[in-house]
Amino acid sequence: MAIKENIEEILNSIPKSVTLVAVSKTKPEKDLQQAYDGGQRVFGENKIQEMTQKWENLPKDIQWHMIGHVQTNKVKYMAEYVSLVHGVDSLKLLKEINKQAKKNSRIIDCLLQVHIAEEDTKFGLDETELNDLLNSETFGKLQNIKVVGLMGMATFTEDKNQIRREFKHLKTQFNRSKETLPNIDTLSMGMSGDYQIAIEEGSTMIRIGSSIFGERN
Ligand SMILES: *Cc1c(COP(=O)(O)O)cnc(C)c1O
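Per the working numbering, the sequence shown starts with residue 16, numbered consecutively.
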């Protein structure tokens, strides 16, 4: 498997300003090490336990992104080292991340996950929930988290127009959120199958797994 070559090919096809998150969930550490040896430093995992084990065993200058759904009671295991939490979808979770960040004397960067897909199985805030969260008094008081942007996942479909519509919608919400949070700069959207469309629609961070490491079981 040509992990380094896959990364190179993707990097050559995207603007320099877009961050590539190598999604290494379920993959063995030797695969991550190969990506690392090729220069990759940002990795995405969707299970806290698995991510923590990899963090313990792999080089310490890796930036670990939690891209999956986060259970409140597991935040404490990653609070020491996680670099960005993509899937924040409630104030309750944000408060727990804040609490654990404080214990570790850190400020943890977070993205709010917005529900843009047709399927209701995908997590995320709807437009009203997003606005309520951003404007809540509690949110304003959290000192140990920093919301740096939004994240979303498009519907799993062949319909490219639908995917584009959903990404456009997320970009609109991103721009609106800037009215409350003028400094947000990260829009995490796009996976192996749809990252080109996502970049055309304003993505600044893509999360690529299978196109780098091969299909997962
Ligand atoms: C698994 C996963 C990805 C990567 O998916 P690929 O199609 O393998 O690129 C991206 N984002 C999230 C949230 C994921 O869970």
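Idealized CB from N, CA, C, for every residue including glycine. Nothing here was measured: the structure is a model prediction, and the numbers come from that model.
Secondary structure in the region 54-115: the alpha helix (DSSP H) runs of 4 residues or longer, each lying completely within the stretch, are 63-72, 90-93 in chain order. Counting along the chain, aspartate 124 sits inside no alpha helix (DSSP H); it lies in the beta strand (DSSP E) bounded by residues 123-129. In the structure shown, the three-state DSSP call for arginine 231 is coil. The alpha-carbon separation between leucine 106 and phenylalanine 154 amounts to approximately 7 Å.
Between isoleucine 214 and isoleucine 221, the C-beta gap is smaller than 8 Å, which places the two residues in contact. In terms of Cβ geometry, leucine 126 and serine 32 do not form a close pair [threshold 8 Å]. Excluding five sequence positions before and after glutamine 128, the CB atoms of its chain that fall closer than 7 Å to its own CB belong to His101, Gly102, Val103, Asp104, Phe138, Gly139, Leu140, Met166, Gly167, given in chain order. By the CB criterion at 8 Å, glycine 53 and lysine 19 fall inside the cutoff.
No Cβ-Cβ contact shorter than 8 Å links valine 90 with glutamine 68. At a Cβ-Cβ threshold of 8 Å, phenylalanine 182 and glutamate 216 count as neighbours.
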